[in-house]
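The block underneath contains the structure these notes are about, expressed in structure tokens.
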Amino acid sequence: MAMNKKSRRRLVALQRILIAGILLFSVSLSVILMFRDRLSLLLVSNVQTELLDITRQNSMYVDGKIAGIFSSMEYVARDLAWSRDGIARRVRYLTEVNNFTRVGAVDIYGRGLDGPDIRMTDFPGIKLSLRGERKVVYTKRTAFDNLNAIVFSVPIQMSGSVMGSVYGILDVDALKSMFNFSAFDGNDESFIIDAEGRMFVQARKWELARYMDGYLAGWQQPDAPPELVSLYTKVRQNRYGVERITMPDGSQYYLACRPLSSVSDLYVLDVIPTYVVQERITGILNSVTMILGAMLLLLLGGYGYSEWRQMKSQEKIYDLAYSDALTGLGNMEKYKLDMLELVRKNQLKELAVIVVNIRGMKAINDFMGYKYGNMVLQLVADRLRDGCRESESVYRGNSDMFYLMWQGTDRSELYKRLMELLDGITDVYARQEGSKLYLTAGVYIVRLEDFISEEEEHKQEIASSVEGYLNINAMPVDYGVALDLDESWPMDVAGNARLAGKQIVQQNCNAVSFFDEKVVKKMKQEKALEDGFQAAMDNGEFVVYFQPKYDVRGNSPVLSGAEALVRWISPEHGFLPPYIFLPLFERDGNMEIMDRHVFELVCRQLADWRREGRQLVPVSVNVSRRNIAQGRRFVDGMEKTMARYGIDKELIELEVLENDASVDEDTLITFLRAIKSSGFRIAMDDFGSGYSSLGLLYGMPIDCLKLDKGLFDGWQEDMPDSDTSLVRHIIQVAHETGRVVVAEGIEQKYQVELLRRFQCDYIQGYYFCKPIPADEFAEFMEKERL
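End of the sequence shown = 779 in the working numbering, gap-free, step of one.
Here it is as structure tokens:
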């Protein structure tokens, strides 16, 4: 696939982060713009408040200075009330302390007590002070010159009576020494103006004062700006105010004005250019915007980090759920997801599912250790991954199984690719480890038509019977059919590939096998038989048949025994001969249980016949390789069973296979000796069908040789003696070593005659009787005894 799911998840996460960032930026930008507007208004209001506060402080400062002047003048007035001596000295004191332009004292009639004798009673302030009030007034001129001045006057009193007044004239320019304020980093300017708008005192900027003097004085003109009129209206009503005005040249200023409480008709005016305020507001807004931007970036970064952590967490969970921890390959859950995804996208037209298995992996783990076994698994996983083309995948199943999904359905090409891949793995392992590693591969070619639902097949049958074609589109795929596909379907496909691999029987080589319906059907049937073993045991479906054995050493054959042969009578599968199910039980381990079960059935049957008063004959019972490997333990179990039913050992003969290559000679001899020492008779079954030599007879404690049917299948009625010499010599050697001989599978009269001539001891086969159930064999014994 062009983009795996992990990449798609990362892309989706990045898309979410990008979308969230855009939304967050858009919303935040709108909020910031709204906030900036509101904050700007708030800051303007704050600046106006701050400007009024500066004006209040300035006016308070000037009023404080005036209060100090009054304090010095009252001190002089008290001295003059007691003595008029030293008036000149006291006047100089007031001049020095308060920087007065003129200082003097007058009597109750306004005549000067010091200085020029001019009447001062016409001055409003002095008139009020002669009435007992201290007063400060602004006047445009004095009696001495045309001087804009402030006149301070304090009454001279003694015992409650006014005796005169002390006055001082302060030029308004002298106020500059007490009016040098600075705010807004020196960008503001403070003035004192009168009620007509004329400017009397400027703190620092003479040019600004001159420029604004004429403008402010025109507040009563018809074309005066309404902001200016509003400001003067407020302050003339002894209230403070602040306004934003635009000058004729387009420049703008904030003006804040407040009346002096100590002097009538004089006002403190503070002026600041609007650009200064705007710079401050812009600086604050920019700082706030930067802070909000930083918070936005942090928020976006936090969201992105959260998404990244969540993506990583999801990837970790995904890896745990869909990845193999050892090899890094996808696991079987991932295989199922990918397979169903291919179905959904209609990409299953040319697909092969392959199961690769490592031969002898259990032995590698047992003898080399699991760490070494893991190294082998990783090596195979890496090579299989490298062997995949684009859009092909490899997965790890249970233990040593790997699953491949390859494109293509051409068997010859798939076989060639797989053999080259498996041989490459073997070569790499041989170079690294110095030994061989062999693998098998089972291949199943996916064909969607194999999974058409039964309902769909019925619809197709109806469609085919109608003239034309009935197009049934139950599923959006090109096949136009409803497919019986669910979550178990991928595992069914993988199961078919595994079954194909199980068909391989070669050892010590790499092998590839394709799914064969007939072989798999047989395997499924065998699996059904294996799975039904325990139920068959519980239901008593396994029964014992008996095949008579005749002594042919006399003039006429005599019934001398029988062989117990198990049969499976299944309600589901019917009558099953032993060659169908016994090899399966040998393979899956159930033969060990079967041997013990048959042995008990034989003992039970012998006990029943004895209880019925029948004359018994010895019965031969087969022992499989698994029980041979148990040795003494199996023998002890047989003895306990025989003791429970009261069966003598003379009635039981044990048969072991001559061609059991799974049991080594030493184990077999040890087992035979254990049986022999317990008093059992021993027969070697199917002698002549395997790889053993007559030399084995000298080392094995056996009592009887049972010659395999295959030794007689090639016999003919008129054959030369050379064709029968092998059997004749085997019988001769057996007799010479003290054994008796039983010929199995005898079906023809001439075979019987030849064997009697060769002095064979016993014959067993269809010529005398086929295997029969226990009740029939009981009647057969009675008949033969008559």
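Even glycine gets a Cβ: it sits at the ideal position worked out from N, Cα and C. Source: prediction; values computed, not measured.
Can you tell me the Cα-Cα spacing of residue i and residue j, whole angstroms?
{"i": "Ala475", "j": "Val505", "result": "The pLDDT assigned to Ala475 is 43, lower than 50, so where the model puts this residue is not dependable; a value taken from the coordinates is nonetheless given after this. Cα to Cα, Ala475 sits roughly 33 Å from Val505."}
{"i": "Met240", "j": "Ala249", "result": "15 Å"}
{"i": "Tyr102", "j": "Arg124", "result": "11 Å"}
{"i": "Gly366", "j": "Asp393", "result": "9 Å"}
{"i": "Asp679", "j": "Leu650", "result": "6 Å"}
{"i": "Gly362", "j": "Gln725", "result": "53 Å"}
{"i": "Phe63", "j": "Lys120", "result": "17 Å"}
{"i": "Ser457", "j": "Leu522", "result": "Reliability fails at Ser457, whose pLDDT of 43 lies under 50, so the model's placement of it is uncertain and the value that follows must be treated cautiously. Going by the C-alpha atoms only, they are around 39 Å apart."}
{"i": "Asp46", "j": "Gly234", "result": "11 Å"}
{"i": "Leu747", "j": "Phe770", "result": "27 Å"}
{"i": "Val5", "j": "Ser280", "result": "35 Å"}
{"i": "Ile551", "j": "Asp544", "result": "One detail in the question is off: residue 551 reads as Val in this sequence, not Ile. Roughly 5 Å between the two C-alpha positions."}
{"i": "Asn501", "j": "Glu406", "result": "23 Å"}
{"i": "Met288", "j": "Gln303", "result": "22 Å"}
{"i": "Arg104", "j": "Lys58", "result": "29 Å"}
{"i": "Tyr246", "j": "Gly157", "result": "47 Å"}
{"i": "Leu719", "j": "Cys762", "result": "26 Å"}
{"i": "Phe507", "j": "Lys515", "result": "15 Å"}
{"i": "Phe705", "j": "Arg382", "result": "58 Å"}
{"i": "Arg232", "j": "Tyr225", "result": "9 Å"}
In the DSSP assignment, the alpha helix (DSSP H) including residue i goes from what residue to what residue?
{"i": "Trp482", "result": "Trp482 to Lys495"}
{"i": "Gly357", "result": "In the sequence as presented, Gly is not what sits at residue 357; that position holds Ile. Met354 to Met361 is the span of the alpha helix (DSSP H), which, as asked, contains Ile357."}
{"i": "Gly97", "result": "No alpha helix (DSSP H) holds Gly97; the beta strand (DSSP E) holding it covers Arg95 to Asp100."}
{"i": "Gln725", "result": "Ser718 to Glu729"}
{"i": "Glu740", "result": "It is not in any alpha helix (DSSP H) - Glu740 carries neither H nor E in the DSSP assignment."}
{"i": "Tyr388", "result": "Here Tyr388 belongs to no alpha helix (DSSP H); instead the beta strand (DSSP E) covers Ser386 to Arg389."}
{"i": "Gly630", "result": "Arg625 to Tyr638"}
Looking only at its chain, what residues have a beta carbon closer than 7 Å to the beta carbon of residue i, apart from the 5 residues adjacent to it on each side?
{"i": "Phe592", "result": "Val614, Met631 and Thr634"}
{"i": "Asn350", "result": "Asp393, Met394, Leu432, Thr433 and Gly494"}
{"i": "Ile609", "result": "Position check: residue 609 holds Leu in this sequence, whereas Ile was assumed. So the qualifying residues of the chain are Leu599, Trp602, Arg603 and Leu644."}
{"i": "Ala667", "result": "Gly624, Arg625 and Val628"}
{"i": "Gln527", "result": "none"}
Between residue i and residue j, is the Cβ-Cβ spacing less than 7 Å?
{"i": "Arg732", "j": "Leu698", "result": "yes"}
{"i": "Ala98", "j": "Val155", "result": "no"}
{"i": "Thr663", "j": "Gly639", "result": "no"}
{"i": "Trp561", "j": "Phe574", "result": "yes"}
{"i": "Leu661", "j": "Ile675", "result": "no"}
{"i": "Ile186", "j": "Leu253", "result": "no"}
{"i": "Phe539", "j": "Ala555", "result": "yes"}
{"i": "Leu397", "j": "Val387", "result": "yes"}
{"i": "Asp181", "j": "Ile265", "result": "yes"}
{"i": "Thr85", "j": "Ile162", "result": "The identity of residue 85 in the sequence shown is Arg, whereas the question assumes Thr. Not a contact, by the Cβ cut-off of 7 Å."}
{"i": "Val512", "j": "Val346", "result": "no"}
{"i": "Tyr781", "j": "Glu710", "result": "Absent from the model: residue 781. The displayed extent of the chain is -6 to 779, so no value can be given."}
{"i": "Asp581", "j": "Asn620", "result": "no"}
{"i": "Ser255", "j": "Asn51", "result": "no"}
{"i": "Gln757", "j": "Glu737", "result": "yes"}
{"i": "Val616", "j": "Ala557", "result": "no"}
Could you spell out where the beta strand (DSSP E) holding residue i opens and where it closes?
{"i": "Glu605", "result": "No beta strand (DSSP E) holds Glu605; DSSP gives it neither H nor E."}
{"i": "Ile351", "result": "Leu344 to Ile351"}
{"i": "Pro148", "result": "Ala142 to Met151"}
{"i": "Lys763", "result": "Segment: none, Lys763 is in no beta strand (DSSP E) and carries neither H nor E."}
{"i": "Asn615", "result": "Val612 to Val616"}
{"i": "Ser780", "result": "Given that the chain is displayed from residue -6 to residue 779, the structure contains no residue 780 and the question cannot be resolved."}
{"i": "Ala667", "result": "Not the beta strand (DSSP E): Ala667 falls in the alpha helix (DSSP H), residues Glu658 to Ser670."}
{"i": "Glu737", "result": "Val733 to Glu737"}
{"i": "Arg674", "result": "Arg674 to Phe680"}
{"i": "Met398", "result": "Met394 to Gln400"}
{"i": "Gly435", "result": "Leu432 to Ile438"}
{"i": "Met712", "result": "Counting along the chain, Met712 falls outside any beta strand (DSSP E), and DSSP gives it neither H nor E."}
{"i": "Gly125", "result": "Premise fails: Gly125 is in no beta strand (DSSP E) and is neither H nor E."}
Using a Cβ-Cβ cut-off of 6 Å (strictly less than) and excluding sequence neighbours within five positions of residue i, which residues of its own chain qualify?
{"i": "Pro469", "result": "With a pLDDT of 36 at Pro469, under the threshold of 50, the modelled position of this residue cannot be trusted, and the question is left open."}
{"i": "Ala600", "result": "Tyr638"}
{"i": "Pro694", "result": "Leu665, Arg666 and Lys669"}
With a cut-off of 7 Å, does the C-beta of residue i fall near any C-beta of chain C?
{"i": "Ala529", "result": "Of the chains in the structure shown, none is chain C; there is only one protein chain."}
So, at 8 Å on beta carbons, what are the nonlocal neighbours of residue i in its own chain, with the 5 sequence-adjacent residues on each side left out?
{"i": "Gly707", "result": "Asp716"}
{"i": "Ile80", "result": "Leu73, Ala98, Leu106 and Asp107"}
{"i": "Glu67", "result": "Arg127 and Val147"}
{"i": "Glu326", "result": "Ala314 and Tyr315"}
Item to complete: Write down every uninterrupted run of the alpha helix (DSSP H) in the stretch 236 to 315 whose length is 4 residues or greater and which is fully enclosed by it, in chain order.
Response: List check, alpha helix (DSSP H) in window: 267 to 315.
Worksheet item: Quick one: complete beta strand (DSSP E) runs, 3+ long, within the stretch 512 to 581?
Response: As for any beta strand (DSSP E) of minimum length 3 sitting wholly inside the stretch 512 to 581, the runs are 535 to 544, 551 to 563 and 567 to 569, ordered along the chain.
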